[in-house]
Amino acid sequence: MDAFAALFRGKTFVVSPLSALDAATAKHLYSLQHCKILHLVRHGQGVHNMEGNNGPEALLSQELFDAQLSPLGWQQVGNLRKRVEASGLTQKIDLVITSPLLRTLQTAVGVFGGDGESQTDGIDAHPSLTATATVNCPPIVAVELCRERLGVHPCDKRRSISEYHSLFPAIDFKLIESEDDKLWKADTREPFEEVTARGMEFMKWLWTRQEREIAVVSHGIFLQQTLNALLNDCQTSSNQELCPRFTNCEIRSVVIVDKSIRGSRYPGTISGELRLPADVAKENIPREEVSN
1 MDAFAALFRG KTFVVSPLSA LDAATAKHLY SLQHCKILHL VRHGQGVHNM
51 EGNNGPEALL SQELFDAQLS PLGWQQVGNL RKRVEASGLT QKIDLVITSP
101 LLRTLQTAVG VFGGDGESQT DGIDAHPSLT ATATVNCPPI VAVELCRERL
151 GVHPCDKRRS ISEYHSLFPA IDFKLIESED DKLWKADTRE PFEEVTARGM
201 EFMKWLWTRQ EREIAVVSHG IFLQQTLNAL LNDCQTSSNQ ELCPRFTNCE
251 IRSVVIVDKS IRGSRYPGTI SGELRLPADV AKENIPREEV SN
């Protein structure tokens, strides 16, 4: 972790699941301006997840380029949307950050998007939920840093930003610097250490945002590597709750606190008053360990 500490310029963090807040606040009081609430979401099941069950070699198929959601994935997205809306979480979230791959864009708009009528795109006639309405929903912004592990697997290569614009007019792609995918390499798989470093760079960038409550729609490997790095100095109970691999369309809500602000002149608390989805992570679906 020493190599990653420099990314935060001396900052160290406490990461706790929201279910553990009562115990955490019994020990320390923190100013809310030094805390962020993150709702981490893995995309719904993709067609590559289904193929990946046949073995790692199946993920090399060019037919899986920028894999979309499977029919089960769309069902998972619909179920999570209902739970998020019923909890009131949509109204609490200030910003949604999504990886710019088709399956995460579909999940982000499907779970957190507006109430406009759904449209269909040319991708196997699956609903893209590309409603242009932004009423009663947080802004959705695409960010390259939270992409899945890069390289080799065509499912992890993105389309052009122009194509995404036409499919998802409600999503802001201004932070994507290149029209085409310049990060994905056909012959090189990104090492796990680099995925972790990228995850920490993403967290550094996220900490500069003014929004306090943020949803992040990303991928299994990226989320797991990033959480493992952040939880390095946390209690064992938090590790056990947050470190297992995400299932498809699972949401985990955490609080990140900058430990350097202990003893602030204006201490605050984070209480259990936040009403969050109950048991949204308990999807009755198989876990795809060989795919992302």
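For the record, in the sequence shown the residue sitting at position 170 is 170 according to our numbering, with numbers rising by one throughout. Beta carbons are placed, not taken as given, at the ideal position from N, Cα and C, and that holds for glycine.
| Check | Outcome |
| --- | --- |
| Could you name the residues that DSSP lists as bridge partners for valine 216? | Leu40 and Ile97 |
| Mapping DSSP to helix, strand and coil, what is aspartate 172? | strand |
| Taking 8 Å as the threshold (C-beta atoms), are isoleucine 176 and isoleucine 161 in contact? | yes |
| Whether or not the segment 162-174 and the segment 213-222 are in contact is what I'm after, with contact meaning three or more pairs of Cβ atoms, one per stretch, closer than 8 Å; do they touch? | no |
| Would you decide whether asparagine 53 is buried or exposed? Buried here means 16 or more other CB atoms lie within 10 Å of its CB. | exposed |
| Can you list, in chain order, the residues of its chain with a C-beta nearer than 6 Å to that of isoleucine 37? Leave out the 5 residues immediately preceding and following it. | Glu213 and Val255 |
| Alpha carbon to alpha carbon, what distance is there between alanine 86 and leucine 145? | 30 Å |
| Check the DSSP bridge columns for glycine 113 and list the partner residues they point to. | None; glycine 113 has no bridge partner. |
| When you compare only the Cα positions, how much space is there between serine 178 and cysteine 35? | 32 Å |
| So, under 8 Å CB-CB, glutamine 45 and leucine 69 are touching, yes? Tell me the CB distance rounded to an integer number of Å. | 7 Å |
| Under 6 Å Cβ to Cβ from histidine 153, same chain only, skipping five residues before and after it: list those, please. | Leu59 |
| Would you say phenylalanine 112 and isoleucine 93 are within 8 Å of each other, going by their C-beta atoms? | yes |
| Under 8 Å by Cβ, that's how I've got glutamate 51 and serine 99 pegged, so tell me the actual separation to the nearest angstrom. | That belief does not hold up - the Cβ atoms of glutamate 51 and serine 99 are roughly 20 Å apart, past 8 Å. |
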